[in-house]
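So the sequences go chain by chain: U and D.
Each step along the first sequence adds one to the number in the numbering used here, with nothing skipped, and position 231 is 231.
Each step along the second sequence adds one to the number in the numbering used here, with nothing skipped, and position 83 is 83.
All C-beta atoms, glycine included, are put in the ideal place defined by N, C-alpha and C.
Please read all numbers here as calculations on a predicted model, not as lab measurements.
2 protein chains.
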Amino acid sequence: MASKFSYNELSRFTQSVFKAIGCSDSDANNATSVLLSADLRGIDSHGIARLVGYVRLWEAKRINATPDIRIVHESPSTAVVDGDAGLGLVVAPFAMQVAIDKAKTAGTGWVSVRNSNHYGIAGFHAMMALEHDMIGISMTNASALVAPTFSIERMLGTNPIAVAIPGGTQPPFVADFATTTAANGKLEILQRKNGDAPIGWVQDKDGNSSTDANALKKQGALLPLGSDRDHGSHKGYALGSIVDIFSAVLSGASYGPWAPPFPAYVPMPENMPGQGLGHFFGAMRIDAFRTAEEFKEHMDTWITRFRNATPAPGHEKVLIPGDPEREMEAIRITEGIPVVDSVVEEITALAQKLGVSAPKAMAH
Amino acid sequence: MASKFSYNELSRFTQSVFKAIGCSDSDANNATSVLLSADLRGIDSHGIARLVGYVRLWEAKRINATPDIRIVHESPSTAVVDGDAGLGLVVAPFAMQVAIDKAKTAGTGWVSVRNSNHYGIAGFHAMMALEHDMIGISMTNASALVAPTFSIERMLGTNPIAVAIPGGTQPPFVADFATTTAANGKLEILQRKNGDAPIGWVQDKDGNSSTDANALKKQGALLPLGSDRDHGSHKGYALGSIVDIFSAVLSGASYGPWAPPFPAYVPMPENMPGQGLGHFFGAMRIDAFRTAEEFKEHMDTWITRFRNATPAPGHEKVLIPGDPEREMEAIRITEGIPVVDSVVEEITALAQKLGVSAPKAMAH
Chain U
1 MASKFSYNEL SRFTQSVFKA IGCSDSDANN ATSVLLSADL RGIDSHGIAR
51 LVGYVRLWEA KRINATPDIR IVHESPSTAV VDGDAGLGLV VAPFAMQVAI
101 DKAKTAGTGW VSVRNSNHYG IAGFHAMMAL EHDMIGISMT NASALVAPTF
151 SIERMLGTNP IAVAIPGGTQ PPFVADFATT TAANGKLEIL QRKNGDAPIG
201 WVQDKDGNSS TDANALKKQG ALLPLGSDRD HGSHKGYALG SIVDIFSAVL
251 SGASYGPWAP PFPAYVPMPE NMPGQGLGHF FGAMRIDAFR TAEEFKEHMD
301 TWITRFRNAT PAPGHEKVLI PGDPEREMEA IRITEGIPVV DSVVEEITAL
351 AQKLGVSAPK AMAH
Chain D
1 MASKFSYNEL SRFTQSVFKA IGCSDSDANN ATSVLLSADL RGIDSHGIAR
51 LVGYVRLWEA KRINATPDIR IVHESPSTAV VDGDAGLGLV VAPFAMQVAI
101 DKAKTAGTGW VSVRNSNHYG IAGFHAMMAL EHDMIGISMT NASALVAPTF
151 SIERMLGTNP IAVAIPGGTQ PPFVADFATT TAANGKLEIL QRKNGDAPIG
201 WVQDKDGNSS TDANALKKQG ALLPLGSDRD HGSHKGYALG SIVDIFSAVL
251 SGASYGPWAP PFPAYVPMPE NMPGQGLGHF FGAMRIDAFR TAEEFKEHMD
301 TWITRFRNAT PAPGHEKVLI PGDPEREMEA IRITEGIPVV DSVVEEITAL
351 AQKLGVSAPK AMAH
């Protein structure tokens, strides 16, 4: 079902793929760090499994391997970045760095990005702020798969939000979540297993609740966080909308149902109101509010108190956002990253096509 | 069951109550506008129904009617405001104005507030940004009623988030929602009707799903948006936590289970790690990203496209966040505000106690 690869081996391979399509050494290096952070952190849908998809977008001339990424508008605490159709994996860290640099002088930095592509996991970019004693925020719009409350039409992407907050002696608080009840990657796992989805994840083409993990292939839609009106789906719909507007309407990217699709075989929407995908980044310097030392002491108190909240029967403890991903990373960096067979086949074929050497699985 | 009052009559009465406890004319006026905006917008739990509660907090010396509200720390785009235990209804608009003023020069403004109290509806403060062609953001922590995923302990308030975004010819996008599946106000309505709550709103003291609208009075807890782990409650828990941290850990307010309770008869938590409740406000000047004209044209396109998304069978149309509240306000400003009998009795007794004249109901 799956083979294990060392991080270093996947990293070598991924860098060679990005170089083969024309990326500079440093872009290939950065894009690889972003992409594989998903595999390390256990968000398998957003890592090496997507590499073939990025290459297909490059083949379809929707990704520019040598972009001229630039600031097109700015104020002391803001900027708009044009990604020049580059890999989101390269555009996003550039833009997040602009936010961090703005925060150094203005206290906070906020960057909206247009003309980009899929940027990997939202959390990677938010976490760039941590080493600067800043809070990092990252969000992106994406291809429309989600129906607003009361609708059967796919209007929004899974539009994730990530927020990374430094701790002191405790590890950081890192929330990173799609604004849907379930991420699309969870449906893909069920599809491979021929499993049913819980009610509340998807609806069918007529707007009825469905347990069909393949509902999206039958004109169904993902549901906003909250699932239905009684359980607050209008809140998930509002959150996804805010991500769309901050990422794309503010920057001049394409939004809502006009967001460009990730699969290269899907035609681009007609009459797109902006350029490419959009992202939004924020960096807030802690000491623009109170000393970082004081803040981090209180974060340690906060984290410790929540981790020690009385657990419900059958649960060992309360988790802090970021705990599961950090624990997964610690395991996978030493024990290797499992890659399912279908993805191994895809990347092996990709290696052959691009004339780079395929990654070698770890010995059993 | 309920009597109707004109907005002007409730406004006159509410101002006279705030003046009777020692507020200045302008503070009484501002606090009234904030408080009654809840009644106008149909969020009855946060309006005149809470007036008696605010007065009780003043009687318990937890609210200071003549606060010295001040900036205690700042950078070009940030500030921390100390509310001096004032009414949140007065502290919040002060702090939001600081955010707006920062945004005028720095592009954005971000203000974290400590030592405050309940601030009415989150949306009021966010909407202050609209007339300046800015996006407004408002959030607050609150008394702990919500159990994190996998816990039976109440650790977070309903911690709302509001985001207001200007439109052009279309009305603004105004999202304003608790980060729980259902706001506490909705439970209160069911309690009055002896109704059952849908599964997913609350859990009992042992962490089991419950339909008991009175579960909170029996050591149960509200559930984070998403209701359970399978439906994304860890996302609602993360959102509520982010609100708590931005509002209180960043400012030096009290956080998590130590947030001060609204009912004056509930003792203050021991070993509070900060002062009072906390809020967080943001203002982003649109033209720090792109021209306001261009942005608002695209917002009109966004809003129109979403409003015209194919509705699900049985639903007339897709709503834009803010639509229901705006429609309610248009009705109530002309036809009056219904106030349930129990609240009428409370405010009549309050009028008598403070020696002000009670509001007169409209003729039937």
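9 Å Cβ cut-off: residues of chain D touching residue i
i, result
"residue 253 (chain U)", "By Cβ distance, chain D contributes nothing, its closest Cβ being about 10 Å from residue 253 (chain U), past 9 Å."
"residue 206 (chain U)", "312, 313"
"residue 158 (chain U)", "Here the premise fails: no neighbours, minimum Cβ distance about 12 Å."
"residue 10 (chain U)", "Those within 9 Å of residue 10 (chain U) in chain D number zero; the least Cβ separation is about 28 Å."
Separation of residue j from residue i, as counted between CA atoms
i, j, result
"residue 281 (chain D)", "residue 128 (chain D)", "11 Å"
"residue 155 (chain D)", "residue 14 (chain U)", "43 Å"
"residue 148 (chain U)", "residue 190 (chain U)", "23 Å"
"residue 22 (chain D)", "residue 93 (chain D)", "19 Å"
"residue 6 (chain D)", "residue 40 (chain D)", "10 Å"
"residue 279 (chain D)", "residue 314 (chain U)", "35 Å"
"residue 266 (chain U)", "residue 308 (chain U)", "48 Å"
"residue 117 (chain D)", "residue 102 (chain D)", "23 Å"
"residue 276 (chain D)", "residue 188 (chain U)", "46 Å"
"residue 237 (chain U)", "residue 361 (chain D)", "38 Å"
"residue 135 (chain D)", "residue 292 (chain D)", "11 Å"
"residue 332 (chain U)", "residue 122 (chain U)", "20 Å"
"residue 200 (chain U)", "residue 200 (chain D)", "12 Å"
"residue 227 (chain U)", "residue 330 (chain D)", "30 Å"
"residue 193 (chain U)", "residue 96 (chain D)", "51 Å"
"residue 78 (chain D)", "residue 33 (chain D)", "26 Å"
"residue 67 (chain U)", "residue 255 (chain U)", "22 Å"
"residue 113 (chain U)", "residue 17 (chain U)", "25 Å"
"residue 90 (chain U)", "residue 334 (chain U)", "26 Å"
Closest Cα partner of residue i within the set the options
i, options, result
"residue 252 (chain D)", "U:302, U:26, U:64", "U:302"
"residue 270 (chain D)", "D:257, D:243, D:263, D:44", "D:257"
"residue 244 (chain D)", "D:144, D:295, D:3, D:93", "D:144"
"residue 233 (chain D)", "D:73, D:134, D:203, D:218", "D:203"
"residue 230 (chain D)", "U:205, U:240, U:218, U:196", "U:196"
"residue 153 (chain D)", "D:82, D:63, D:208, D:329", "D:208"
"residue 242 (chain U)", "U:78, U:113, U:79, U:159", "U:159"
"residue 296 (chain D)", "D:246, D:355, D:323, D:132", "D:132"
"residue 205 (chain U)", "U:219, U:199, U:248, U:194", "U:219"
"residue 163 (chain U)", "U:98, U:342, U:97, U:321", "U:321"
"residue 63 (chain D)", "D:48, D:83, D:49", "D:83"
"residue 35 (chain U)", "U:88, U:284, U:169", "U:88"
"residue 300 (chain D)", "D:212, D:146, D:214, D:166", "D:166"
"residue 294 (chain U)", "U:168, U:284, U:283", "U:168"
"residue 288 (chain D)", "U:37, U:59, U:50, U:81", "U:81"
"residue 328 (chain D)", "D:37, D:8, D:1", "D:37"
Chain U residues whose Cβ lies nearer than 7 Å to that of residue i
i, result
"residue 153 (chain D)", "309, 310"
"residue 107 (chain D)", "75, 76, 77, 78"
"residue 408 (chain D)", "Residue 408 (chain D) lies beyond the range of chain D shown here (1 to 364); nothing can be said about it."
"residue 67 (chain D)", "Under the 7 Å cutoff, chain U gives no residues; its nearest Cβ is about 20 Å from residue 67 (chain D)."
"residue 238 (chain D)", "175, 177, 321"
Cross-chain neighbours of residue i in chain D, by beta carbon under 7 Å
i, result
"residue 235 (chain U)", "177, 225"
"residue 110 (chain U)", "108, 284"
"residue 230 (chain U)", "198"
"residue 165 (chain U)", "245"
"residue 277 (chain U)", "By Cβ distance, chain D contributes nothing, its closest Cβ being about 15 Å from residue 277 (chain U), past 7 Å."
"residue 143 (chain U)", "Correct list: empty, because the minimum Cβ distance to chain D is about 16 Å."
"residue 242 (chain U)", "163, 175"
"residue 318 (chain U)", "148, 150, 151"
Integer Cβ distance of residue i from residue j, believed to fall under 8 Å
i, j, result
"residue 250 (chain D)", "residue 290 (chain U)", "7 Å"
"residue 337 (chain D)", "residue 4 (chain D)", "7 Å"
"residue 10 (chain U)", "residue 359 (chain U)", "6 Å"
"residue 210 (chain U)", "residue 310 (chain D)", "Actually they are not in contact, since the Cβ atoms of residue 210 (chain U) and residue 310 (chain D) sit about 17 Å apart, beyond 8 Å."
"residue 185 (chain U)", "residue 44 (chain U)", "7 Å"
Chain-ordered chain U contacts of residue i [CB-CB under 8 Å]
i, result
"residue 290 (chain D)", "73, 80, 250, 251, 252"
"residue 256 (chain D)", "302, 305, 306"
"residue 211 (chain D)", "Those within 8 Å of residue 211 (chain D) in chain U number zero; the least Cβ separation is about 12 Å."
9 Å Cβ cut-off: residues of chain U touching residue i
i, result
"residue 366 (chain D)", "The question about residue 366 (chain D) has no answer here: the residues shown for chain D are numbered 1 through 364."
Chain B within 7 Å of residue i, Cβ atoms only
i, result
"residue 91 (chain D)", "Given the protein chain composition of this structure (U and D), no chain B is represented."
Does the stretch 168 to 184 of chain D come close enough to the stretch 217 to 230 of chain D to have 3 or more Cβ pairs within less than 8 Å? yes
Are the stretch 51 to 62 of chain D and the stretch 125 to 143 of chain D touching, with three or more C-beta to C-beta distances below 8 Å? no
Are at least three pairs of beta-carbons, each pair with one atom in the stretch 120 to 134 of chain U and one in the stretch 168 to 177 of chain U, less than 8 Å apart? yes
Between the stretch 105 to 122 of chain U and the stretch 61 to 81 of chain D, do three or more beta carbon pairs fall short of 8 Å? yes
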